[in-house]
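K.L.:
Got a structure for you, questions after.
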């Protein structure tokens, strides 16, 4: 691999993702003071990872560096960070409990709306996010193996942006504005919007590849 700056930035996101998962996993409903430390650290790491994601693409275009490493690893690391984040937020430490850490308003919401999760990220939502990424990765890989380019679309970029906003929203809400009703509703709305956008963007990609898939 050619260790140019864009590739170094791309590779750096993998250890950043691992560190992010560690701090997100330290969240506990009965340790609000420590949560501020863990989540703030995780949020800073998440922002740094986002900046490196922007910079590696910008520098690659500016320096006219096109490498197989960048084409393969960049989207892979993005998927690891996003999918891994949703897996972590659907973990048992983000469940609503009866400890009094969460408001009666949030605990009283319909189960179908939150799944009993303080993060509002339900297990089936994680499956949707993972399935979308696996399917599109498979379609893209097959398409390019046939010599047909399958670049990212605006739908995919919007999907990634919404997912990033959703992860940040959840972390901020459960840590800093846990009992604010407006924040609870905003968090839930953003999570459901993320699922919708994820599905729609996936269907958009499948629609683009339909001709190739049907032809075979």
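Numbering (our numbering), first residue to last: 63 to 278. Built from N, CA and C at the ideal position, the CB exists for glycine as well.
Which whole-angstrom value is the C-beta distance of residue 197 and residue 264, which I expect to be below 8 Å?
P.N.:
6 Å
K.L.:
With C-beta atoms as the reference, is residue 256 less than 8 Å away from residue 225?
P.N.:
yes
K.L.:
Express the C-alpha separation of residue 151 and residue 169 in angstroms, rounding to a whole number.
P.N.:
17 Å
K.L.:
Can you look up residue 268 in the DSSP assignment and give me helix, strand or coil?
P.N.:
DSSP places residue 268 in the helix class (H, G or I) of the three-state scheme.
K.L.:
Using CA atoms only, rank isn't needed, just tell me which of 239, 73, 91 and 157 is closest to residue 119.
P.N.:
If we check each option's Cα against that of residue 119, 73 comes out closest.
K.L.:
Assign residue 216 to one of two classes, buried (16 or more other C-beta atoms within 10 Å of its C-beta) or exposed (fewer than that).
P.N.:
exposed
K.L.:
With residue 178 and residue 192 assumed to form a contact (beta carbons below 8 Å), what rounded beta-carbon distance in angstroms separates them?
P.N.:
No, residue 178 and residue 192 are not in contact; Cβ-Cβ is about 20 Å, not under 8 Å.
K.L.:
Quickly, what does DSSP pair residue 157 with across the bridge? List them, please.
P.N.:
179
K.L.:
Cutting at 6 Å between CB atoms, please list the residues of its own chain near residue 82, excluding the five before and the five after it.
P.N.:
If we look at residue 82 and ignore the five residues flanking it on each side, its Cβ neighbours are 104, 107 and 108.
K.L.:
Once you ignore the five residues that flank residue 88 on each side, which residues in its own chain have a CB closer than 7 Å to its CB?
P.N.:
100
K.L.:
Cα separation between residue 184 and residue 125?
P.N.:
42 Å
K.L.:
Residue 132 and residue 122 - do their beta-carbons sit closer together than 8 Å?
P.N.:
yes
K.L.:
At 4 residues or longer, what runs of the alpha helix (DSSP H) sit wholly inside the stretch 108-156?
P.N.:
With a minimum length of 4 residues, the continuous alpha helix (DSSP H) runs that stay inside the stretch 108-156 are 130-151.
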